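Enquirer:
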Amino acid sequence: MREIILISFLGPDQPNQFTRLMQVLSTHSLQILDVGQAVIHNQLTLGIVVSSDDQTATALAMKEILILAHDIGLTVRFKPISATEYDQWVSEGGRTRYIVTALAPELTAEHLQAVTNIVSNQGFNIETVIRLSGRPQLQNQSEGPKRSCVQFGLSGQMLDATAMRAACLRLSSELSIDIAVQEDNAYRRNSRLVCFDMDSTLIEQEVIDELAIEAGVGEQVAEITERAMQGELDFQQSFRARVALLKGLDASVLPKIAERLTITEGAERLITTLKSLGYRTAILSGGFQYFAEYLQAKLGIDEVHANVLDVQDGHVTGEVKGHIVDGARKAFLLRELADNMGISPEQTIAVGDGANDLPMLSLAGLGVAFRAKPLVRQNANQAISSVGLDGVLYLLGVHDKDLNCV
Numbered sequence: 001m002r003e004i005i006l007i008s009f010l011g012p013d014q015p016n017q018f019t020r021l022m023q024v025l026s027t028h029s030l031q032i033l034d035v036g037q038a039v040i041h042n043q044l045t046l047g048i049v050v051s052s053d054d055q056t057a058t059a060l061a062m063k064e065i066l067i068l069a070h071d072i073g074l075t076v077r078f079k080p081i082s083a084t085e086y087d088q089w090v091s092e093g094g095r096t097r098y099i100v101t102a103l104a105p106e107l108t109a110e111h112l113q114a115v116t117n118i119v120s121n122q123g124f125n126i127e128t129v130i131r132l133s134g135r136p137q138l139q140n141q142s143e144g145p146k147r148s149c150v151q152f153g154l155s156g157q158m159l160d161a162t163a164m165r166a167a168c169l170r171l172s173s174e175l176s177i178d179i180a181v182q183e184d185n186a187y188r189r190n191s192r193l194v195c196f197d198m199d200s201t202l203i204e205q206e207v208i209d210e211l212a213i214e215a216g217v218g219e220q221v222a223e224i225t226e227r228a229m230q231g232e233l234d235f236q237q238s239f240r241a242r243v244a245l246l247k248g249l250d251a252s253v254l255p256k257i258a259e260r261l262t263i264t265e266g267a268e269r270l271i272t273t274l275k276s277l278g279y280r281t282a283i284l285s286g287g288f289q290y291f292a293e294y295l296q297a298k299l300g301i302d303e304v305h306a307n308v309l310d311v312q313d314g315h316v317t318g319e320v321k322g323h324i325v326d327g328a329r330k331a332f333l334l335r336e337l338a339d340n341m342g343i344s345p346e347q348t349i350a351v352g353d354g355a356n357d358l359p360m361l362s363l364a365g366l367g368v369a370f371r372a373k374p375l376v377r378q379n380a381n382q383a384i385s386s387v388g389l390d391g392v393l394y395l396l397g398v399h400d401k402d403l404n405c406v
């Protein structure tokens with residue numbers, strides 16, 4: 001008769017423990033069906049599911065495990081598992097699994113209780129809990145940007161995706177926390193291309209507003225820009241109207257504007273890390289090529305696609321050359337870049353803040369609305385507002401400790 005036993009260990013983590021435990025199981029030829037381990041603050045939790053047809057071998061192995069566990073300071077428990085229970089675990093292993101990522105400058109017990117309440121209401125079981133952010137210091141807490149991230153690995157079947165998304169958005173608004181829910185599939189683990197909007201994403205300003213200030217038409221252009229970002233106006237129509245107001249602007253102001261652009265918090269850290277991990281990066285912007293190329297050189301972006309401001313005799317004509325990069329164009333470019341790399345759109349990531357970013361955010365495997373308007377947050381796959389742009393790394397499962405190696 002085949003016996004199946006779950007062996008659970010708890011106690012201080014020490015070198016060579018796992019090897020010694022495996023040696024006992026190997027000596028008695030026990031089959032290992034499953035194994036998992038976690039260590040937090042040097043405290044070990046280890047589970048091993050073993051199986052054997054030889055009851056004598058199983059009994060001898062359990063006896064030796066008890067002696068060894070006592071010698072190395074571990075508490076051990078044995079739990080028999082029926083074949084029916086084990087078969088159910090096997091069948092559940094084929095279900096779609098999910099990753100829920102919680103981000104905030106500081107995650108409190110209230111935050112985590114609220115997030116896990118949403119998870120429980122959807123019928124999920126939490127299988128893993130991993131802190132992706134570094135351990136907070138007890139002193140000098142004011143130094144540098146604050147960010148905290150915990151990742152939950154879930155098993156089970158989502159009951160209502162729409163209700164879960166609505167609950168996450170509501171909680172984000174109430175507690176100033178970001179919550180991302182993703183399928184844990186092969187595409188998530190093998191993304192290769194990251195496409196960024198520029199204005200109000202990689203940089204804090206809207207460049208066309210900066211140009212308008214220099215041209216003396218700041219208020220008129222800012223009003224049109226805001227309405228376009230809220231999705232109230234067609235982008236192409238509003239863009240042409242704003243550019244027309246720039247007619248006659250001396251092009252010599254472009255370098256001055258470029259130099260005063262403010263790089264968004266976390267952007268440099270994000271781009272540097274992505275490049276070190278082998279991702280290709282691109283700017284797909286409804287702004288202007290001159291400033292996109294300036295950022296390309298500054299941040300090390302691989303390629304840029306933006307609007308070309310027409311300049312003649314040293315002055316802006318109020319027109320643009322070639323295609324206007326609107327929402328549809330951004331989605332087209334993302335797909336084209338993916339095709340050129342030989343990857344699927346599911347292996348791409350898109351980050352933006354405006355309504356004209358929604359087509360590429362929807363097409364990408366991971367679409368992130370960054371500090372976006374309410375309309376964009378509601379329609380994007382994921383949203384980040386509480387931390388800097390490098391919070392995107394947590395959605396990729398990158399641990400802060402991994403960054404010491406890149």
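Here the sequence shown stands for residues 1 to 406, numbered as in the UniProt record's numbering. Just so it is clear, CB atoms sit at the ideal spot from N, CA and C, and this is done for glycine as well. All values derive from a computational prediction rather than experimental measurement.
1. Buried or exposed for Gln182, going by 16 or more other Cβ atoms inside 10 Å?
2. Can you give the Cα-Cα distance for Asp197 and Pro345, rounded to whole angstroms?
3. Which residues does DSSP list as the beta-bridge partners of Ile99?
4. Counting C-beta neighbours from all protein chains within 10 Å, is the total for Glu206 16 or more, i.e. buried, or is it exposed?
5. If you pair each beta-carbon of the region 292 to 301 with each one of the region 242 to 251, do three or more pairs fall below 8 Å?
6. I need the boundaries of the alpha helix (DSSP H) containing Ser91, first residue and last residue.
7. Can you tell me whether Pro145 is buried or exposed? The criterion is at least 16 other CB atoms within 10 Å of its CB, across all chains shown.
8. Is it true that the CB of Asp209 sits closer than 8 Å to the CB of Ala228?
9. What are the partner residues of Glu3, as DSSP defines its beta bridges?
10. Within 10 angstroms of the Cβ of Ala292, are there 16 or more other Cβ atoms? Answer buried if so, exposed if not.
11. Out of Glu127, Met341, Ser173 and Gly367, which one is the CA nearest neighbour of Ser155?
12. Taking only beta-carbon atoms, is Ala212 less than 8 Å away from chain B?
13. Return helix, strand or coil for Ile213, following the three-state DSSP convention.
14. Do you know whose CA, among Ala331, Leu333, Asp339 and Asn307, lies nearest Ile324's CA?
15. Mind checking Ala372: buried by the 16 CB within 10 Å criterion, or exposed?
16. Once DSSP output is grouped into helix, strand and coil, what is the label at Ala380?
Expert: Answer, in terms of the structure:
1. Reading the sequence shown from its first residue, position 182 is the one you call residue 182. It is buried - the Cβ of Gln182 has at least 16 other Cβ atoms within 10 Å.
2. Indexing the sequence shown from 1 puts residue 197 at position 197. Indexing the sequence shown from 1 puts residue 345 at position 345. The alpha-carbon atoms of Asp197 and Pro345 are separated by roughly 17 Å.
3. Position 99 of the sequence shown, counting from 1, holds the residue named residue 99. Partner(s): Gly153 and Gln182.
4. Residue numbering aside, residue 206 sits at position 206 when the sequence shown is read from its first letter. It counts as buried.
5. no
6. As a first step, residue 91 is located in the sequence shown; it is residue number 91 there, counting from the start. Where Ser91 is concerned, the enclosing alpha helix (DSSP H) stretches over Ala83 to Glu92.
7. Numbered from its first residue, the sequence shown carries residue 145 at position 145. With fewer than 16 other Cβ atoms within 10 Å, it is exposed.
8. Residue mapping note: residue 228 aligns to position 228 of the sequence shown, counting from 1. Residue mapping note: residue 209 aligns to position 209 of the sequence shown, counting from 1. No; because the gap between Cβ atoms is not below 8 Å, this pair is not in contact.
9. For the purposes of this step, residue 3 is identified with residue 3 of the sequence shown, where counting begins at 1. Bridge partners of Glu3: Ser52.
10. For this step, residue 292 is matched to residue 292 along the sequence shown. By the 10 Å Cβ count, Ala292 comes out buried.
11. Here residue 155 refers to the residue found at position 155 of the sequence shown. It is Glu127.
12. In summary, chain B is missing from the structure at hand, where a single protein chain is found.
13. The sequence position of residue 213 within the sequence shown is 213, counting from 1. Residue state, collapsed to three classes: helix.
14. Residue numbering aside, residue 324 sits at position 324 when the sequence shown is read from its first letter. The shortest Cα separation from Ile324 among Ala331, Leu333, Asp339 and Asn307 belongs to Asn307.
15. As a first step, residue 372 must be located in the sequence shown, where it is residue number 372. Buried, by the Cβ-count rule.
16. Sequence index remark: in the sequence shown, residue 380 carries index 380 (1-based). Ala380: coil per DSSP, three-state reduction.
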